[in-house]
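>
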Amino acid sequence: KAFDSVPREALFRRLRDIGISETLLTAIMRLYEEVLGRLRTSVGLSDFIRSTIGVKQGCPLSPTLFGIYIDELEDFLRDHIQEGDGCLLHHVLIYILLFADDVVLLASSAEGLQRQLDALALFCDHRQLTVNLGKTKVM
């Protein structure tokens, strides 16, 4: 769901903020000018629907665009949690793992995990992202 919830104008601002050239930014924006999709239903495919939010599913560029959009998440978490809220691995404190649109939060206590979840919720709220609660697990 995270790919589907990226506000495109905010993504384009983020690309501009990190210094993407105007030529490349214009090319990316053109990829998103007229995005149409169809839904598969029990009776077949729907009519075409205009998509105005999110990065394209299945596009090789989408994981990179999403990664750029959330690249400040690690720093945001670090600023909003307490020292020691993560887990030590070979004397290195690890509190987050990221791959495409998957996020793993690591904590050594329930309180630390709650601080991380609160910070993640705040970040997602600021970035207008949706967390798929159906894929969310606590271990």
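Take the sequence shown: its position 26, counting from 1, is numbered 28 in our numbering, and each next residue is one higher.
Where a beta carbon is used, it is the ideal one built from N, C-alpha and C, also for glycine.
No experiment lies behind these values; they were computed from the predicted model shown.
(1) Return the first residue and the last residue of the alpha helix (DSSP H) that residue 2 is part of.
(2) With DSSP run on the structure shown, which of helix, strand or coil describes residue 20?
(3) Between which two residues does the beta strand (DSSP E) carrying residue 39 extend?
(4) Note down, in chain order, each residue of its chain lying with its Cβ closer than 6 Å to the Cβ of residue 75, except the 5 sequence neighbours on either side.
(5) Short of 8 Å in beta carbon distance, which residues of its chain neighbour residue 51, apart from the five on each side in sequence? Order them along the chain.
(6) Taking its Cβ as the centre, do 16 or more other Cβ atoms sit within 10 Å of residue 79, making it buried, or is it exposed?
(7) Please return the same chain residues whose Cβ sits closer than 7 Å to the Cβ of residue 36, not counting the five positions on each side in sequence.
Reading off the structure:
(1) No information on residue 2 is available, as it lies outside the stretch 3 to 141 that the chain covers here.
(2) As a first step, residue 20 is located in the sequence shown; it is residue number 18 there, counting from the start. Three-state result, residue 20: coil.
(3) Residue mapping note: residue 39 aligns to position 37 of the sequence shown, counting from 1. Start and end: 37 to 39.
(4) In the sequence shown, residue 75 corresponds to position 73, counting from 1. Around residue 75: 125.
(5) Here residue 51 refers to the residue found at position 49 of the sequence shown. Excluding residues within five positions, the ones whose Cβ falls inside 8 Å are 38, 39, 40 and 41.
(6) Within the sequence shown, the letter at position 77 stands for residue 79. Classification of residue 79: buried, given that the 10 Å Cβ count is 16 or more.
(7) Counting from 1 along the sequence shown, the entry for residue 36 is found at position 34. Taken in chain order, the list of residues that qualify is empty.
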